[in-house]
Structure formats: C-alpha cells, structure tokens
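Step one of this worksheet: look at the structure below.
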Amino acid sequence: MTTLSKVSRREFLAGAALTGAALTLGCSFEAEADRVGATALAPNAFLAIDSDGRVLVTVNKTEMGQGARTGLPMLVAEELDADWSKVVVETASFDPSKYGFQGTGGSGSIRGAWEPLRRTGATARAMLVEAAARRWNVAAADCRTENGFVIHPSDAAKKLSYGELVADAAALPIPDATAVKLKDPKDFKLIGRRVARYDNPAIVTGKAVYGMDIRLPGMRFATMVHPPTFGGKAKQADDRDAKAVPGVEKVFVTDRGVAVVATNTWAAFEGAKKLRVAWDEGPHGELSSAAIRAMFAEKAKSPGDVARNDGDFDAAFATAAKKLEAEYEVPYLHHATLEPQNCTARVTADSCEIWAPTQFPNFVMDEARRITGLDAARIKIHITLLGGGFGRRIEADYAADAVEVAKRLDGVPVQVTWTREEDMRHGWYRPASLHIVKGGLSADGRLAALLHRLVAPSIRGQRQPDGGKGVDPGAMAGIATTQYDAPNFRAEYVRANTGVPIGFWRAVFDSQNGFVQESWMDELAQAAKADPVEFRRKLLGKSPRLKTVLEVAAKAADWGKPLPKGRARGVAAHFSFGAFCAQVAEVSVADDLPLVHRVVCAMDVGTVVNPSQVEAQIEGSIVFALSAALYGAITVEKGRVVQSNFNDYPLLRATEMPKVEIHLIKSAEAPSGAGEPALPPTAPAVCNALFALTGKRIRKLPIALD
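One rule links them: number in the numbering used here = place in the sequence shown (from 1) + 3.
Okay, here's the thing in structure tokens:
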C-alpha cells in the first residue's frame with residue numbers, strides 16, 4: 004500500500020473544502036448514518052471522500068498491535084470498492100456521541116463492525132453510483148464500480164473517479180443504510196487478502212506515536228511511587244534526598260501515592276528511588292498467596308452456585324463404573340506489556356486534555372471527571388498507539404495518576420510514566436483459581452458424568468460494593484460454554500474475592516478454564532483407555548465446527564504416527580469468543596525442563612478478513628500462553644507482590660519459540676474473535692504431551708516437572 008502522510012480528520016476535511024467538496028458518511032454503531040454538509044464537515048463520521056479520491060476512514064477502536072487500523076478500514080474499502088492505496092486511517096478521539104462504544108477488548112472489533120462498517124462503504128458506493136448514473140442518464144443498477152471508479156454500463160473505457168463524483172454525491176439524500184445491498188462474499192476483492200498493516204511503515208521508521216512518544220511544549224515528566232500493599236496509603240514522605248537529584252522540581256503526596264515531577268523521566272525515576280515514605284499498609288498488609296490458597300481450598304469443599312446443569316450428575320456419578328476426581332489450580336498473572344503504564348495530561352481550571360494509550364477511553368473519562376470536577380464537554384481524550392494491551396489498559400489507574408499530577412501543575416502538561424517495578428507490582432492481575440473436577444465413566448468407557456467446580460474471584464464482583472452474588476458468567480467462560488456433549492454435566496461457581504486487584508487478561512477465564520477442561524479430558528480419555536482425539540470427537544456431535552478443527556489439527560500434526568524417541572504429542576480443543584480452535588503440541592524434556600518444538604493450530608474464525616492478521620494473532624496468543632504456562636506466576640507476601648521485573652517474571656525467549664503451523668478453516672460465517680481464542684488450548688496441549696512423554700500429570704501452573 005502506498006505510504007500516505009499522517010493527516011488529521013480536521014485537516015483532511017479542510018483540504019477537501021479547499022479543493023471543492025467531500026462526501027462524508029457517519030455510521031454510529033447504535034444509529035443510522037448522519038449526513039454532514041460538504042462545506043461544514045465536523046469530525047463525526049467514519050468515512051470521508053475528498054475530490055482527489057482519497058478515502059479517510061476513522062477507526063473507533065484502539066490499535067495495540069492486533070491490526071484494528073487495518074482490518075476495520077478493509078471492511079469499508081471492500082464495500083466501497085475503494086483504491087486501497089488511497090485509504091487514509093485515523094483513530095477517533097473519544098466521543099461516544101459520534102463514534103459509539105470505543106472500548107477495545109474481548110476480541111470484538113471486527114465482530115462488532117462486520118456489518119455496520121460494510122454498510123457504511125456500501126452506502127457511499129450507492130451514492131457515488133447514483134451520481135454517475137445521473138450524469139450519464141443511465142440506470143444506476145447497470146453501472147459498476149472498481150478500484151475507486153464508477154464504470155459506464157455500455158462503455159468500460161468511460162468511467163468517473165470517486166473524486167470527480169463526490170460533490171454530486173454529497174448533494175444526494177443518503178439511502179437507508181439497512182437497505183443497501185452488500186456484496187456477495189464470492190465478489191470480495193479485499194476481504195480475504197493478505198494486506199500489510201497500515202501502520203507498518205510508521206512503526207519501522209520510528210514515526211508511530213505511542214503513549215510515551217507524546218511531547219508538548221514546556222511539558223514535565225513524572226513518576227509515581229504507589230503504596231506497596233493493596234489498599235495502602237502514603238502517610239508522609241521525606242523528599243529531601245529526592246529533591247537533591249538534578250532535574251527534580253516537585254514532590255508531593257496524592258491520593259494514589261507520591262509523585263515526583265522533573266524535567267525528564269530519568270531524573271524522576273532517580274528521585275523516586277531516594278524517597279523515604281511512611282506507609283499506612285491498609286487492610287491487606289498480611290495477605291499472602293498461601294492464605295489465599297487456603298481460603299480457596301476451604302470454599303471448594305462446598306457446592307457452588309450452579310451455572311449449568313444438564314441431566315443428573317449426582318445420580319450418574321454414583322452409578323458410574325469408574326470414578327475420577329482431581330484438583331487443578333492456576334496463579335495470578337500479570338500482563339507484562341512492554342510499554343509500561345503511562346499517560347500525558349494537561350489540566351487548567353476549565354479544561355482537561357489527555358493523551359492516553361488506553362483500551363477503554365470511557366474509563367479514562369470517568370477518572371478525569373472525578374479528579375477535575377469538570378463535565379465531559381471540557382475534557383478531551385486523544386488515543387495513542389499501545390505498546391501492548393492484553394486487557395491491562397482497560398483500567399485507567401495510570402491515567403488517574405497523570406490527571407491528578409497535572410491538576411497540581413496549573414496548566415503545565417505532564418507525562419507520568421511508571422517504572423517497570425511499579426508496573427509489575429501494581430497491576431490488575433488475571434485471577435488465580437482452584438478447580439474441583441469429577442468424572443464418571445461407563446463400563447464401556449463412555450463419559451457418563453462430569454462436574455467442574457470453579458473457585459475464583461469475580462472481576463465484576465470486585466467492582467460492586469457488596470462483592471456481587473451468584474454466578475459470574477464471565478468467570479464460567481469455557482466451562483458453562485463447553486461444546487462437549489456430556490449427558491450429565493454440572494458447572495458450579497464459588498465466589499472467592501480477595502484483596503488482590505484483578506482484571507481482564509488475554510482470554511481471561513477461558514485461558515485457565517480451558518487448561519483445566521482439556522487436561523481433564525485427557526485424564527478421562529486415559530481412564531477410558533481411549534485415544535485422546537477420538538475420545539473428544541465422540542463428544543462433539545453437537546459442535547461440528549469444533550470437531551472439524553480437531554480433526555484438521557490432528558491430521559496436520561500426523562497424530563498417531565511415531566515420533567523420534569524422547570518426543571510426544573498432546574492435543575487440546577476449545578471454543579471461545581465465537582471461534583473454534585484445536586492445537587497439537589510436540590514436546591520433549593531436557594534437564595527437567597519442557598521444550599516445545601512444534602504447535603499445529605487449526606482455527607475456525609468464520610470469514611477471515613485478513614489472513615496475515617489472524618495468523619499473527621494466533622502466533623501471539625501461543626507466545627503469550629507459553630510464557631504463562633512455563634513461567635507465569637504472581638505471588639503475594641505481606642500484602643505485596645513479590646515479582647518486580649522480567650528477571651523474576653520472565654517471558655518466552657526467541658530461542659524457545661516453537662514452530663507454529665496454522666490452518667484456517669474456510670467459512671462463510673460472520674467473523675468471530677481472533678485475538679484470544681488460540682490461547683486457551685496451548686497450555687493443555689503442552690501438558691498433555693508432557694504426560695504422554697513422562698507419565699506426570701500437570702495440574703498446577705506454571706509447569707514444574709521436578
């Protein structure tokens with residue numbers, strides 16, 4: 004794709020006004036298109052076309068490496084029949100009245116935009132065709148479009164560019180977006196193609212703007228030292244040594260800790276090291292991982308709230324020919340984004356402007372309103388690129404720091420950056436959990452009864468004053484939503500909130516529930532003396548799409564064929580975020596350490612918009628999953644997170660990366676999520692392979708073979 008200079012929507016529309024006219028279509032995800040006059044265009048639309056034929060697509064989702072700024076414009080450009088080299092992309096500033104819901108997470112960007120953005124492109128195309136038809140005095144239905152042109156029905160050499168038609172088209176009434184005809188998938192020219200990411204040129208040349216790249220005239224740089232314990236507060240700070248560091252200008256206590264403001268980030272970091280703070284450790288000063296584990300174990304003894312109840316588990320289990328029971332557990336996990344938490348803000352008496360690498364700008368707005376007392380109309384939020392999100396930047400604590408510090412600086416802009424240690428020890432961690440599983444087999448090896456009891460904190464419940472009650476559906480993802488047809492199945496949830504802050508993490512509860520479910524399926528298959536793939540296949544009669552990916556992955560991985568001595572295969576399959584995924588992992592062991600050599604992944608994500616993006620998401624999910632399975636654990640002692648940096652919270656190294664083979668299933672279904680569904684099967688596939696090799700069951704993560 005041709006590299007285009009970065010242009011703001013305001014600049015784009017101003018240029019369009021100078022050159023004559025522009026056609027702009029808005030497509031709120033909750034309302035019909037809103038027409039804006041060609042000579043009085045405001046930044047309230049998803050699509051604009053100028054007289055040069057340039058197409059501006061405004062994206063209302065955050066770009067954090069997943070390709071939203073490529074995939075979403077592709078939907079518009081496909082139905083518009085645009086020249087992709089003329090597409091310009093802009094990320095919308097926060098304005099839900101114009102852009103609808105702007106949160107990014109849950110693998111939902113393409114899913115949610117699949118029809119609305121296609122209808123935006125199709126509506127604009129219909130208007131351009133109508134404008135051309137009127138010029139030629141022919142029927143619009145007889146005209147066709149191609150690569151930014153409307154072509155005459157009887158003379159292919161006679162065509163008009165979109166740029167030539169925008170003035171006429173802008174004067175036409177906008178058709179009902181729900182009535183415009185969308186393309187038949189067989190006619191797609193862009194969707195399904197490997198399109199390079201729009202941001203690649205800017206990223207590789209260092210021109211891309213992430214949160215930490217923001218620079219404003221006269222700005223200051225700051226860092227925060229937060230209470231070491233969950234719920235703690237600063238009582239007082241001795242800042243004499245901190246202020247002696249060259250460049251440090253201010254030190255003050257805030258509601259969230261102690262701020263150090265300087266002329267550069269390094270000086271702020273050095274000043275923070277020299278602070279001596281007296282802390283009130285708050286209510287969780289004695290909290291520990293051991294105490295949390297003991298509390299989970301005690302709660303696990305009692306039945307939980309029932310999330311799903313098929314048949315009669317108790318009766319079927321009581322009469323089963325073979326009964327099995329086990330406990331599984333997983334630890335808290337950190338997101339470990341490579342770009343540490345940061346945010347830039349400028350606050351005056353009557354305004355607040357924020358530059359934030361955020362997944363949920365609405366939460367940033369909530370914090371800004373709370374701290375400044377300003378109404379939303381006086382607060383502007385710019386959304387930058389993210390150096391990793393994975394759910395961490397759904398929260399807005401780092402933005403609250405920036406706004407609170409900026410409020411103290413009387414209009415001077417300030418960028419607040421956390422150190423890696425602050426980031427590691429003040430996260431919103433993936434919940435730890437304990438799982439009680441039971442299974443009953445008939446005399447001929449069929450699954451007769453299945454129970455899965457989850458003991459875990461509730462992310463939603465943590466945000467409710469009373470801690471919440473009953474089943475948290477999010478916590479039961481992958482359990483209550485299992486695709487296996489077990490005749491007598493009960494899923495239970497036991498709420499076990501703690502003082503550890505928890506939040507959304509890539510694939511969240513599916514990441515841990517999938518590990519347990521698929522490891523347990525292997526245990527049941529072994530007890531039934533059945534092949535693990537065949538055992539699963541027989542339970543997937545009602546889920547043909549999961550069955551298909553299981554069969555494709557197994558065949559591609561040469562399941563059942565001999566491997567060299569010292570290697571073994573393991574399999575796992577899972578449904579999440581609307582997608583179906585199966586993986587086969589090939590492993591060995593050296594010096595009691597698992598080595599993953601190959602992962603074969605088959606995935607059905609419905610219609611694939613951009614194969615390269617989906618493959619990158621799958622590879623990224625597998626890296627993320629292996630890091631967690633092999634190394635990931637956040638532990639707590641005396642109310643404090645023990646881990647501090649990548650030395651004691653390591654990530655997968657390049658030399659440890661297995662060969663990944665991806666098989667995408669062709670489908671006419673609407674797109675599902677793609678950023679998370681490949682994560683849940685990885686850990687169980689690896690652990691099941693380790694059992695096949697060593698005879699040792701892994702029921703606790705991270706993996707330990709000694």
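Note that the Cβ used here is the ideal one computed from N, Cα and C, for glycine as well.
Just so we're clear, the structure is a prediction, and the values are computed from it rather than from any experiment.
Contact annotation: Q586 and C604 have beta-carbon atoms nearer than 9 Å. P99 and S579 have their C-alpha atoms spaced approximately 28 Å apart. The beta-carbon separation of A95 and W87, rounded to 21 Å, does not stay under the 8 Å limit for a contact. Straight across, the Cα-Cα distance linking H666 with V264 is about 51 Å. In this structure, A399 sits near D369, with a CB-CB distance shorter than 9 Å. It is roughly 10 Å from the alpha-carbon of K210 to the alpha-carbon of N203. Under the 10 Å beta carbon count, V511 is surrounded by 16 or more other beta carbons and is classified as buried. In the structure shown, D216 falls within a helical segment according to DSSP collapsed to helix, strand and coil.
For the options Q465, G307, A275, D187, the alpha carbon positioned closest to that of A262 is the one of A275. Inclusion of L290 and V228 in the CB contact set at 9 Å is not warranted, their separation being larger than that value. The region 64-78 and the region 106-114 touch, with no fewer than 3 CB-CB distances between them shorter than 8 Å. When the alpha-carbon of V663 is set against those of T387, V92, A559, G115, the nearest one is in A559. In the structure shown, the three-state DSSP call for G74 is helix. One thing to note: N365 has its Cβ no nearer than 9 Å to the Cβ of A405.
Approximately 7 Å separates the beta-carbon atoms of L327 and K441; this is inside 8 Å, confirming the contact. With a contact defined as Cβ atoms closer than 8 Å, R493 and F363 miss out at about 35 Å. Nearest neighbour of V183 by Cα position, chosen from I505, T123, A348, turns out to be T123. Within the region 217-254, the beta strand (DSSP E) runs of at least 3 residues that lie entirely inside it are, in chain order, 223-228, 236-241. When only Cα atoms are considered, V519 and R702 end up about 8 Å apart. Setting aside the 5 residues that flank it on each side, A116 is surrounded in the same chain by L75, L78, each with a C-beta closer than 7 Å to its C-beta; the list follows chain order. Inter-residue distance for I194 and G285 is about 54 Å (C-alpha atoms, whole angstroms). In the three-state DSSP reduction, G676 falls in the coil class, being neither helix nor strand.
With respect to the 9 Å criterion, G448 and K545 are not classified as neighbours on the basis of their beta carbons.
In the structure shown, N365 falls within a helical segment according to DSSP collapsed to helix, strand and coil. Excluding the 5 residues flanking it on each side, E424 has same chain C-beta neighbours closer than 8 Å at S647, N648, in chain order.
Per DSSP, reduced to three states, the secondary structure at E640 is strand. Between the region 351-363 and the region 476-496 there are fewer than three C-beta pairs closer than 8 Å, too few to call the two in contact. At a Cβ-Cβ threshold of 9 Å, I397 and W431 count as neighbours. Shown here, G285 sits in a helix according to DSSP, grouped into three states. Among the bridge pairs identified by DSSP, E328 is matched with K441. Around the beta carbon of N267, fewer than 16 other beta carbons lie within 10 angstroms, which makes this residue exposed.
The Cβ atoms of M222 and P343 do not sit closer than 9 Å to each other. Rounded to the nearest angstrom, the gap between the Cα atoms of A303 and H438 is 8 Å.
The C-alpha of C584 lies about 33 Å from the C-alpha of A85. In the three-state reduction of the DSSP assignment, S630 falls in the helix class, which pools H, G and I. Counting of Cβ neighbours within 10 angstroms places R456 among the buried residues, the total reaching 16 or more.
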